[in-house]
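Participant:
Okay, structure coming up:
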C-alpha cells in the first residue's frame, strides 16, 4: 500500500488512521489546525498551495512570560490601553498560502482588527483589542495554526536582526563548484589524449557530475521553486526559461557521461547558475543600498517645537533626544514616544491603527509616536529618540494607501510575460531546426537562447530608476511616500494650489489690528489660543503678537475652514472668519482678515498683507505651458487683483472654497480626464490631497502633514516644483531607453545563439552583465538628472 501524504503539512503518513472530512493527517496537531481553519471558513488556505502548513508544536507553558507587563511593553510598538500593535518574526512564512492565512487572522479571532505580512522580512504586524485579547493569546493562536513566532528575550526586536544569508551561501557553493568543474574540464578543452584518455577521463567526468549536484539541487532551487509556482498558478515569469535551461543542461550532461557520449555541459551548467546568482547578489546589494539611503537619510522635513529655558524653539525631528520637553499643537503629529506633562490631550491614533476615535490622556500618561493631538496644545517629555524609519513605515501604512494604478510597473510585467512567451517559442523553433540540420548543436542553441534572452534587465529598469530618483529627491528636500508616486507625477496635466500657507509665506506676513482695544486678559487668552493652532494665519498672528503668560485653556476647539474657539475661567474667545465670530457687515471686506470676538462681543479684526513665496510668478509661467493651473482658496476675493498681476492670465482663481468644495472640484475634473496634482498645507486640504492623483504638502517649520499626502515638499524648495515634475518625466524616458538597450542586446545575443555561435557558458556570463549594464545606465542617468536639480 502506498504511503499517504498529510493534507496539511505534506509529511508522509505511515500507518496513521487520523482522518477528517475524508482527508488524511499525520498527527492530531495537523488535524486540529485543519479543524480550526474549517470552522473559520478558511479552507481556501489549501487551494493556494498544496500542503502548505507546518506541524504545530507542543507549547504548553512556553509563553507564560508574555503575561508580564514589563515584557509586553518591550515587545509591542503601540499600546493605548485598548489597542496593541506588535510585529512578530514568523520563520515558517514561505508561500502565498502563508500570506493569505496570516492576513486573515481576524477571521480566526475578531479581536484582531488587522494583520499585515512583510514577506521579505517574514514578519506579521498585528493590531488587536486588548480588552478581549492579549499578546500571549495572539502568539498561541499563531502557534496553533503552525506559525509559531520567534521571540527572543535577549533581543526583543523579535528576530529582526536575523540576516538571511542564503543567497551568499548559494553563491559560494555555485562558485566553488564552477571553479572545480572548469579545472576538471581543461584536459578535454585542450584535447589532451593518451594518459588522460586512458586513465582519468571517466573519473573526472563523474567528479564534475558530483560537483553539479549541490548546484542544481541547492544553489538553483529558488529558480525551480519560482518556476513551479508560476506554472501552477498559470503565470509566466522570467524564472521559467532559466529553470528549463538548467534542467535540460543537467539531464543532457548526465545522459552523456552515463552512455559515454561525451563530457556533457557541466561547466556551462555550473557557470550559468553562478553568474545568475552573482547578478542577483549585485542587484540585491545595489537595491539594498538605495533602500538604506531612503530609510535613514531621507528624513521628514518636519520640525517640532522644543521648550528650552521657557523659550519655544523649532528643531528638526531627528535632533530630539530622550528627556527633551516638546510642545505639540493642535493637529500636530507626536514624533516620538513620551509622557504627557501639561494640557488636555485628545490623541487621534488613526495614523497608527486606522481607528479614528480620539483617546483622552491625562498628565503622566504615555503618548506614542504617530498620534495626532486634536484638542489644543500640550507639553510632553520625550522618552525615546526619533526612529525615522518608524515614521516612514507609518506614512506608508496600507490603511492610507490609495488604489492608484501603477501603470508602468504593469507595463513592465506585461512586457516580461510576452517576452517569455516569445523566447520560449524561439528556443523550441531554433532547436527543432538544429535537430534537423546538426543535432550536435541543438542542445547548445536551446540553452543559449533561454539564457541570453532572459528579461531580467527589463524587470530591473523601473525599480532601479525610480529607487535612485527617490533617494535623489530626498536629498533635494522633496520626500515621496514610495517610488510609484514618481510614475504618477509624470502623468499629471492639472495642478491645483491652495493659497494660504501654500503660495503665501507665513514668515513674512504683516497684520494690522482695527477695532476695540483688547484687555490684558483678552490678549493673554488670544495668544494662548493661537499657540495651539497650526493654521498659517494663526502661526503668523501668534508670532506678531507680544509675549504673554502661558495659561492652560479650559476648552479648545478648532473648526476647519472657519476658526477657533477657546475658554479660560470666565473668558471665552472666538477667532476666525467674520461669520464664525458673529460679525455682520454690509460692506464686503476685500482683504485677508482674522476677526476676534470676546464673550460674544465683536472686538475687531487683524488684516493681513500677504507675502507670496519667492519665485511664485516664475514658477507659474513655467507650469502654464504644459499644465492647467488653478488656485482654490478658503479666503475671500481680497487678493484677486494681486494674484492676477502675479500669475499667468489663464490661471483659474476660486475663492471662498470650503474643504469639501476643493475635494468636489478635483473629483469633477478627474471625471473629465484630468490627472490632478494638489499642492496644499495639509490642514484644510486633507480630503483634496486624498482625492487627487498626487497630493503634495508644503512643509514649513511646523510638525504637520497629512497621511493622505503622497509627498512632502520643503517650503524652501517650493519654486523648484517644476524641476521635480520634469525630472519625473525624464525618469520614464530613462526606463524606455533602458528597454530599448535591453531589446538591442537581446536581438544581437539571439542572433549568435540561434545560429549556434554562442556557448551556454558565454551566454550565462553575458546575461548578468546585461542586467548590471542596465543598473549602471539607470543609476548614471538618474544621477545626471539629480545634478540638474539645482
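In this note's numbering, the protein residues as written are 71 to 860. Note that beta-carbon positions come from the ideal geometry of N, C-alpha and C, so glycine has one too.
Just to confirm, are residue 682 and residue 573 a CB contact at a threshold of 9 angstroms?
Facilitator: Their beta carbons are under 9 angstroms apart, which means residue 682 touches residue 573 by this criterion.
Participant: Rounded to whole angstroms, what is the Cα-Cα separation between residue 717 and residue 732?
Facilitator: In a straight line, the C-alpha of residue 717 is about 20 angstroms away from that of residue 732.
Participant: Report the start-end ranges of each alpha helix (DSSP H) in the region 739-771 that is 4 residues or longer and not cut off at the edges.
Facilitator: Counting only runs of 4 or more, we get 756-761.
Participant: Determine the burial state of residue 283: buried for a count of at least 16 other Cβ atoms within 10 Å of its Cβ, exposed for fewer.
Facilitator: Residue 283 comes out exposed.
Participant: May I have the straight-line CA-CA distance separating residue 601 from residue 709, to the nearest angstrom?
Facilitator: Spanning the two alpha carbons is a distance of roughly 26 angstroms.
Participant: Rounded to a whole number of angstroms, what is the C-alpha to C-alpha distance between residue 663 and residue 647?
Facilitator: When rounded, the distance between both Cα atoms is 7 angstroms.
Participant: What residues in its chain sit with their C-beta under 7 angstroms from that of residue 692, if we drop five residues either side in the sequence?
Facilitator: These residues qualify, in order along the chain: 792.
Participant: State the start and end residues of the unbroken alpha helix (DSSP H) segment that holds residue 429.
Facilitator: Note, residue 429: premise wrong, no alpha helix (DSSP H); beta strand (DSSP E) at 429-431.
Participant: Please classify residue 432: is it buried, with 16 or more other beta-carbons within 10 angstroms of its beta-carbon, or exposed?
Facilitator: Exposed, by the Cβ-count rule.
Participant: For residue 421, tell me which candidate among 665, 348, 401 has the shortest Cα-Cα distance.
Facilitator: The residue with the shortest Cα to Cα distance from residue 421 is 401.
Participant: Under 6 angstroms Cβ to Cβ from residue 412, same chain only, skipping five residues before and after it: list those, please.
Facilitator: Same-chain partners within the cutoff: 449.
Participant: Please report how far the alpha carbon of residue 603 lies from the alpha carbon of residue 766, in whole angstroms.
Facilitator: Distance between the alpha carbons of residue 603 and residue 766 is about 21 angstroms.
Participant: Straight-line CA distance for residue 675 to residue 533?
Facilitator: Each residue's alpha carbon lies about 53 angstroms from the other.
Participant: Which residue spans inside the region 171-253 form an unbroken alpha helix (DSSP H) run of at least 4?
Facilitator: Complete alpha helix (DSSP H) runs here, min 4: 175-178, 205-214.
Participant: Compute the Euclidean distance between the alpha carbons of residue 862 and residue 723, then round it to the nearest angstrom.
Facilitator: There is simply no residue 862 to check, as the chain begins at 71 and stops at 860 in what is shown.
Participant: Use the C-beta contact count for residue 344: other C-beta atoms within 10 angstroms, 16 or more gives buried, fewer gives exposed.
Facilitator: Residue 344 comes out buried.
Participant: Quick one: what does DSSP say residue 676 is sitting in, helix, strand or coil?
Facilitator: Residue 676 falls in the strand class under three-state DSSP.
Participant: Go ahead and pull the three-state DSSP assignment for residue 470.
Facilitator: Per-residue confidence for residue 470 stands at a pLDDT of 49, beneath the threshold of 50, marking its modelled position as unreliable; the derived number appears in the next sentence. Residue 470 falls in the helix class under three-state DSSP.
Participant: Classify residue 638 as helix, strand or coil using the three-state DSSP reduction.
Facilitator: Strand, per DSSP.
Participant: My assumption, with CB atoms under 8 angstroms, is that residue 248 sits in contact with residue 340. Please give the rounded CB distance.
Facilitator: Sure, about 4 angstroms apart at Cβ, within 8 angstroms.
Participant: Would you check if there are 3 or more beta carbon pairs closer than 8 angstroms linking the region 579-592 to the region 808-822?
Facilitator: Touching, no.
Participant: Which residue from 162, 298, 293 puts its Cα closest to that of residue 316?
Facilitator: The residue with the shortest Cα to Cα distance from residue 316 is 293.
Participant: Could you check how far apart the C-beta atoms of residue 154 and residue 200 are, in whole angstroms? I think they sit under 8 angstroms.
Facilitator: That pair is a contact at about 5 angstroms.
Participant: Find out if the Cβ-Cβ distance for the pair residue 548, residue 794 is shorter than 9 angstroms.
Facilitator: Cβ distance < 9 angstroms, so residue 548 and residue 794 count as in contact.
Participant: According to DSSP, residue 384 sits in a beta bridge with which residue or residues?
Facilitator: In DSSP, residue 384 forms a bridge with 375.
Participant: Specify, as a first and last residue, the run of the beta strand (DSSP E) that residue 617 falls within.
Facilitator: No beta strand (DSSP E) holds residue 617; DSSP gives it neither H nor E.
Participant: Would the region 387-394 count as touching the region 438-453 if we require 3 or more Cβ pairs under 8 angstroms?
Facilitator: Enough Cβ pairs lie closer than 8 angstroms, so yes.
Participant: Let me know the secondary structure DSSP gives residue 670 once reduced to three states.
Facilitator: In this structure, residue 670 counts as coil in the three-state DSSP scheme.
Participant: Can you list, in chain order, the stretches of the beta strand (DSSP E) that have 3 or more residues and sit fully within the region 699-739?
Facilitator: The qualifying runs are 722-724.
Participant: In the DSSP assignment, find the unbroken alpha helix (DSSP H) run with residue 326 in it and report its ends.
Facilitator: Run containing residue 326: 309-328, per the alpha helix (DSSP H) assignment.
Participant: Here's a check: name, in chain order, each residue in its chain whose Cβ is nearer than 6 angstroms to the Cβ of residue 608, leaving out the five neighbours to either side.
Facilitator: Cβ neighbours of residue 608 beyond the five flanking positions: 600.
Participant: Looking at the structure shown, is residue 826 part of a helix, part of a strand, or coil, going by DSSP?
Facilitator: Of the three classes helix, strand and coil, the one that applies to residue 826 here is coil, per DSSP.
Participant: Label residue 491 either buried or exposed according to how many other C-beta atoms from any shown protein chain fall within 10 Å of its C-beta, with 16 as the threshold for buried.
Facilitator: Residue 491 should be labelled exposed.
Participant: Classify residue 854 as helix, strand or coil using the three-state DSSP reduction.
Facilitator: Of the three classes helix, strand and coil, the one that applies to residue 854 here is helix, per DSSP.
Participant: Can you check which of these residues, 418, 497, 439, 435, is closest to residue 429 by C-alpha distance?
Facilitator: Out of 418, 497, 439, 435, 418 has the C-alpha closest to the C-alpha of residue 429.
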